[in-house]
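Trainee: If you count by this note's numbering, then the sequence shown holds residues 2 to 192, one letter each, in order. Have a look at the structure that comes next, please.
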Amino acid sequence: MAPNNKSHRRHNSGKKLVDRITPVGESKPERPLPKEGFKTVNGRLVSANDVGVLLREASSKLEAKKKRKSPKGKPHKTGPAPSRPKGKTSKGNPLVIHTNSDASDKLLVFYNLALGVNQDSLKTVLQKLSHTRIAKVRVRDLPSGSATANVWLVKRTTEELERVRKLFDGALVDGRTIRVTTVSDTQTMSY
Numbered sequence: 002m003a004p005n006n007k008s009h010r011r012h013n014s015g016k017k018l019v020d021r022i023t024p025v026g027e028s029k030p031e032r033p034l035p036k037e038g039f040k041t042v043n044g045r046l047v048s049a050n051d052v053g054v055l056l057r058e059a060s061s062k063l064e065a066k067k068k069r070k071s072p073k074g075k076p077h078k079t080g081p082a083p084s085r086p087k088g089k090t091s092k093g094n095p096l097v098i099h100t101n102s103d104a105s106d107k108l109l110v111f112y113n114l115a116l117g118v119n120q121d122s123l124k125t126v127l128q129k130l131s132h133t134r135i136a137k138v139r140v141r142d143l144p145s146g147s148a149t150a151n152v153w154l155v156k157r158t159t160e161e162l163e164r165v166r167k168l169f170d171g172a173l174v175d176g177r178t179i180r181v182t183t184v185s186d187t188q189t190m191s192y
């Protein structure tokens, strides 16, 4: 450190270097015992040796210091997002809702399965756990390190598809949480 540094001068102002050196083998001089007595903290008289009270006092001083150093200026508003004006705001297509209850072209897709899942064993397990018959299962390994399975049910009703989807969605299979969705069969769709 440079000799003109304030902290350096303040630290060494008590003793000279020669006075601070102790011979090898000798112990350092003992520190004086802490003051005994009382101190006021938040208007209460407490023992000067009460560590818990002193720590709480120090932390409250730090909190007050942090509050003083907080950025000054306009406080950030927190609350609901500004509402959009009423009327047509998007330039795209309007919202279209299709209420087709026919589920004959629907299937279930299981995502995030482990690589190398056997189609026949998956079909057997799904049939036993869901108590429903499965027409076929197709498993595809993905380069991402997971596999997806397309599952066609024999009884394709909206209720049955939703029941099986809810049963397996979020299940833990081979240490992986799987996701199940209902989609339209792309083979029956015409473009």
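Every residue gets a Cβ at the ideal spot worked out from N, C-alpha and C, and that includes glycine. Since this is a predicted model, take the numbers as computed values, not measurements.
(1) Taking the alpha-carbon positions, what's the L63 to I179 distance?
(2) Counting only the same chain and skipping the five closest in sequence on each side, list residues whose C-beta sits under 8 Å from that of I135.
(3) Smallest Cα separation from G194: which of D51, G26 and G44?
(4) Note the first and the last residue of the continuous alpha helix (DSSP H) segment covering A65.
(5) DSSP on T159, reduced to helix/strand/coil?
(6) Report, in whole angstroms, the separation of the C-beta atoms of L162 and A104, which I expect to be a contact under 8 Å.
(7) Counting only runs of 3+ residues fully inside the stretch 111 to 143, write out the beta strand (DSSP E) ranges in chain order.
(8) According to DSSP, what are the bridge partners of R45?
(9) Using a 10 Å radius around the Cβ and a threshold of 16 neighbouring Cβ atoms, would you call V184 buried or exposed?
(10) For V181, report the span of its beta strand (DSSP E) as first-last.
(11) Can you give me the Cβ contacts of T189 inside the same chain, cut-off strictly under 6 Å, excluding the 5 residues immediately before and after it?
(12) For L108 versus A148, is the C-beta distance shorter than 8 Å?
(13) Ignore the nearest five residues each way along the sequence and tell me which others in K137's own chain have a CB closer than 6 Å to its CB.
(14) Since V19 is in the alpha helix (DSSP H), which residue starts that stretch and which ends it?
(15) Which residue wins for smallest C-alpha separation from F169, given the options S48, G176, N119 and T182?
(16) In the DSSP assignment, find the beta strand (DSSP E) that holds A150 and state where it starts and stops.
(17) Under 8 Å Cβ to Cβ from V47, same chain only, skipping five residues before and after it: list those, please.
Mentor: A quick look at the data gives this:
(1) Within the sequence shown, numbered from 1, the residue matching residue 63 stands at position 62. Within the sequence shown, numbered from 1, the residue matching residue 179 stands at position 178. So the alpha carbons of these two residues sit roughly 47 Å apart.
(2) Position 134 of the sequence shown, counted from the start, is the residue given in the question as residue 135. So the qualifying residues of the chain are K124, L127, Q128, V152, W153, L154 and V155.
(3) Since the displayed the chain opens at 2 and closes at 192, residue 194 lies outside it and no answer follows.
(4) Indexing the sequence shown from 1 puts residue 65 at position 64. Unbroken alpha helix (DSSP H) run through A65: V52 to R69.
(5) Along the sequence shown, one-based indexing puts residue 159 at 158. In this structure, T159 counts as helix in the three-state DSSP scheme.
(6) By 1-based counting over the sequence shown, the position of residue 162 is 161. By 1-based counting over the sequence shown, the position of residue 104 is 103. The C-beta distance from L162 to A104 rounds to 6 Å, short enough to meet the 8 Å contact threshold.
(7) Within the stretch 111 to 143, the complete beta strand (DSSP E) runs of at least 3 residues are 135 to 142.
(8) Locating residue 45 in the sequence shown gives position 44, counting from the first residue. Per DSSP, the beta bridge partners of R45 are V42.
(9) Position 183 of the sequence shown, counting from 1, holds the residue named residue 184. A residue is called buried when at least 16 other Cβ atoms come within 10 angstroms of its Cβ; V184 does not meet this threshold and is exposed.
(10) As a first step, residue 181 is located in the sequence shown; it is residue number 180 there, counting from the start. V181 -> beta strand (DSSP E) spans R180 to S185.
(11) Taking the sequence shown and counting its residues from 1, the one referred to as residue 189 is at position 188. Because the pLDDT at T189 is just 49, under 50, the model does not fix this residue reliably, and the value given afterwards should be weighed accordingly. The answer, listed in chain order, is D106.
(12) Taking the sequence shown and counting its residues from 1, the one referred to as residue 108 is at position 107. Taking the sequence shown and counting its residues from 1, the one referred to as residue 148 is at position 147. It is not a contact, given that the beta carbons lie outside the stated cut-off.
(13) Indexing the sequence shown from 1 puts residue 137 at position 136. Taking K137 as the centre and dropping the five residues before and after it, the same chain places the C-beta of W153 closer than 6 Å to its C-beta, in chain order.
(14) Stepping through the sequence shown from its first residue, residue 19 is reached at position 18. Its alpha helix (DSSP H) spans residues L18 to R21.
(15) Mapped onto the sequence shown, residue 169 falls at position 168. The residue among S48, G176, N119 and T182 with its C-alpha nearest the C-alpha of F169 is T182.
(16) If you number the sequence shown from 1, residue 150 lands on position 149. It spans A148 to L154 - the beta strand (DSSP E) in which A150 sits, taken as one unbroken run.
(17) Position 46 of the sequence shown holds residue 47. Around V47: F39, K40, T41 and V54.
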